[in-house]
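S.K.: Structure in structure tokens, see below.
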Amino acid sequence: MDYFLTEQQQELRKLARRIALEKVKPVAAKYDRDGTFPWDMVAEFSQAGFFGVYIPEEWGGAGGGVLDLVIVTEELSRICGGIALAVAATALGTFPILLSGNADQKRRYLPDLVAGNKLAGFGLTEPNAGSDAGAIQTTAVRKGDKYILNGTKHFITNGSVAKIYTVIASTDPEKGTRGASAFIIEDGFPGFSYGKIEDKLGIRASKTSELVMQDCEAPVENRLGREGEGFIVAMRTLDRSRPGVAAQALGIAQGAFDLAADYATKRVQFGKSISSFQAIQFMLADMAAQIEASRALIYALAKMIDSGKEKVAKESAMCKIIASDTAMRVTTDAVQIFGGYGYMHDYPIEKFMRDAKITQIYEGTNQILRSVIGRHILKEAAGG
Ligand code: COS
5 MDYFLTEQQQ ELRKLARRIA LEKVKPVAAK YDRDGTFPWD MVAEFSQAGF FGVYIPEEWG
65 GAGGGVLDLV IVTEELSRIC GGIALAVAAT ALGTFPILLS GNADQKRRYL PDLVAGNKLA
125 GFGLTEPNAG SDAGAIQTTA VRKGDKYILN GTKHFITNGS VAKIYTVIAS TDPEKGTRGA
185 SAFIIEDGFP GFSYGKIEDK LGIRASKTSE LVMQDCEAPV ENRLGREGEG FIVAMRTLDR
245 SRPGVAAQAL GIAQGAFDLA ADYATKRVQF GKSISSFQAI QFMLADMAAQ IEASRALIYA
305 LAKMIDSGKE KVAKESAMCK IIASDTAMRV TTDAVQIFGG YGYMHDYPIE KFMRDAKITQ
365 IYEGTNQILR SVIGRHILKE AAGG
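For the sequence shown, the numbering used here assigns the number 5 to the initial residue and increments by one for each residue that follows.
Right, here's the structure in full:
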């Protein structure tokens with residue numbers, strides 16, 4: 005398919021593919037095994053300018069948009085969906101500043117994030133507030149020129165390696181979703197620390213931890229937007245970052261497909277390559293068709309967001325569901341094509357299946373996202 009990418013976007017894809025193949029590929033298995041954080045890859049991505057592809061030039065970025073971020077995420081995920089998250093999860097943590105930050109906040113925080121000097125994370129989820137994001141219990145109480153935050157955020161991607169977190173806390177618990185506010189919290193603020201660091205099934209090159217706030221002090225000027233706007237900040241952020249999860253899923257699916265197609269042409273059984281059997285050809289055909297359908301939807305949505313369309317919650321949810329369900333199916337079939345070898349850690353394919361699973365879960369489980377779509381289509385059907 006030709007998606008009529010600009011020359012700049014085609015160059016960006018080439019660069020991301022080259023770095024993925026030359027730099028990420030040799031170390032992907034090691035980081036997956038060790039579960040350590042790939043700081044050397046962060047340095048590569050920073051040098052390549054990946055952290056700023058979607059940030060306006062005014063703040064030091066390349067002036068691209070969500071489509072540029074999608075291209076980078078897809079290409080890196082094609083080799084390692086975990087390592088790609090250093091960029092993608094930083095974007096998730098940066099979107100609230102980009103969308104709701106004032107000029108001073110952008111000036112203070114964006115240049116370091118663009119340069120990759122600092123990573124970011126997004127603190128919404130809590131032990132008792134996953135799909136029900138409005139049920140957060142972390143509080144922020146204003147005391148003079150500070151807010152005092154108390155609570156624990158968990159499953160935070162880039163947790164413990166990021167320096168900047170955009171955190172949602174309740175400034176008025178009585179008001180529910182309308183009582184939430186967003187804050188920029190820096191690693192190093194008094195009362196801020198990390199809790200449990202998770203040991204995960206997949207995306208093991210990415211760190212996931214708890215953020216613990218015990219009388220954590222944040223200056224008033226670190227509140228993003230007005231008090232009570234935090235839930236909307238979070239929802240608008242997720243609408244723009246879910247295409248990134250979809251791109252991660254797309255890259256994982258494409259990477260698994262590449263390996264499976266190659267293996268199928270080389271593996272000989274009954275005196276011929278298994279790719280000569282229709283059973284395998286049909287599997288590969290279904291995988292390729294589903295991958296292309298995901299890509300078409302993701303690029304279309306990214307272009308829609310970049311054109312300035314504001315209301316994209318339904319499309320964003322659709323995109324994430326289609327791409328992540330595709331990734332799970334494709335990676336499972338890829339393991340199947342590898343047969344018994346596919347099940348062994350010695351071969352690179354099982355990692356793709358492990359990495360794919362999270363894309364159906366985070367930034368909104370595919371079940372809650374179906375509810376989001378359902379609400380929208382029923383509202384539209386009722387003429388709303
Ligand atoms: N953009 C802008 N505003 C939005 C919005 C969006 N995408 N989605 C909701 N809102 C607004 C609503 O319009 C409503 O505004 P008013 O109070 O002015 O009417 C407000 O936000 C509350 O919305 P709603 O009543 O729909 O809230 P619910 O508590 O029912 O929850 C869902 C809504 C399910 C959409 C939300 O909880 C959600 O997205 N959950 C998934 C969270 C998630 O992705 N978690 C993963 C962790 S992040 S890595």
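Even for Gly, the Cβ is constructed at its ideal location relative to N, Cα and C. Here the structure is a predicted model, which means the values were calculated and not measured.
Inspect the beta-carbon positions of residue 313 and residue 367 and report whether they are closer than 8 Å.
M.R.: For residue 313 and residue 367, no; Cβs fall outside 8 Å.
S.K.: Rounded to whole angstroms, what is the Cα-Cα separation between residue 317 and residue 311?
M.R.: When rounded, the distance between both Cα atoms is 15 Å.
S.K.: Would residue 63 be called buried (16 or more neighbouring beta carbons within 10 Å of its own) or exposed?
M.R.: Result: buried.
S.K.: What does the Cβ neighbour count give for residue 121, buried or exposed, with the cut at 16 atoms within 10 Å?
M.R.: Classification of residue 121: exposed, given that the 10 Å Cβ count is below 16.
S.K.: What does DSSP give as the partner residues of residue 151 in its beta bridges?
M.R.: The partner list for residue 151 (beta bridge, DSSP) reads 146 and 222.
S.K.: With a cut-off of 8 Å on the beta carbons, I'd call residue 156 and residue 199 a contact; round off their distance for me.
M.R.: About 6 Å; that satisfies the 8 Å criterion.
S.K.: Rounded to a whole number of angstroms, what is the C-alpha to C-alpha distance between residue 340 and residue 298?
M.R.: The straight-line gap from Cα to Cα measures roughly 21 Å.
S.K.: Buried or exposed for residue 344, going by 16 or more other Cβ atoms inside 10 Å?
M.R.: So residue 344 counts as exposed.
S.K.: Identify the residues that DSSP records as bridge partners of residue 273: which are they?
M.R.: According to DSSP, residue 273 bridges with 276.
S.K.: Between residue 18 and residue 264, what straight-line distance do the alpha-carbon atoms span, to the nearest angstrom?
M.R.: Taking the straight line joining both Cα atoms gives about 22 Å.
S.K.: Does ligand 2 have a heavy atom nearer than 7 Å to the CB of residue 134?
M.R.: Summarising the ligand content, the structure contains ligand 1 and does not contain ligand 2.
S.K.: Would residue 302 pass as a contact of residue 327 if the rule is Cβ separation under 8 Å?
M.R.: Going by C-beta atoms, residue 302 is nearer than 8 Å to residue 327.
S.K.: Can you tell which of 49, 65, 73 and 189 has its C-alpha closest to the C-alpha of residue 14?
M.R.: Checking every option, the nearest Cα to that of residue 14 belongs to 73.
S.K.: Tell whether a beta-carbon distance below 8 Å holds between residue 36 and residue 276.
M.R.: No, these two residues do not count as a Cβ contact at 8 Å.
S.K.: Between the Cα of residue 60 and those of 204, 106, 48 and 102, spot the shortest distance and give me the residue it belongs to.
M.R.: The residue with the shortest Cα to Cα distance from residue 60 is 102.
S.K.: Could you name the residues of the same chain whose beta carbon sits closer than 7 Å to that of residue 16, not counting the 5 residues immediately before and after it, in chain order?
M.R.: Correct list, in chain order: 57, 72, 75 and 76.
S.K.: Just verifying my parser: in three-state terms, what is the DSSP assignment at residue 175?
M.R.: Coil.
S.K.: Can you grab the Cα-Cα spacing for the pair residue 138 / residue 144, in whole Å?
M.R.: Between residue 138 and residue 144, the C-alpha separation is close to 15 Å.
S.K.: Is residue 138 near ligand 1, going by C-beta to nearest heavy atom under 7 Å?
M.R.: Answer for residue 138: yes, Cβ within range of ligand 1.
S.K.: Would you please state the rounded distance, in angstroms, between the beta carbons of residue 97 and residue 125? I believe it to be under 8 Å.
M.R.: Yes, residue 97 and residue 125 are in contact; Cβ-Cβ is about 5 Å, under 8 Å.
S.K.: Would you report the Cα separation of residue 185 and residue 232, rounded to the nearest angstrom?
M.R.: The alpha-carbon atoms of residue 185 and residue 232 are separated by roughly 5 Å.
S.K.: Tell me which residue opens and which closes the alpha helix (DSSP H) that residue 289 is part of.
M.R.: Element bounds for residue 289: 282-310.
S.K.: Quick check: the Cα distance between residue 352 and residue 84, rounded to an integer number of angstroms?
M.R.: Spanning the two alpha carbons is a distance of roughly 10 Å.
S.K.: Excluding sequence positions up to five away, which residues of its chain have a Cβ less than 7 Å from the Cβ of residue 190?
M.R.: Counting only Cβ-Cβ distances below 7 Å, and skipping sequence neighbours, we find 167 and 168.
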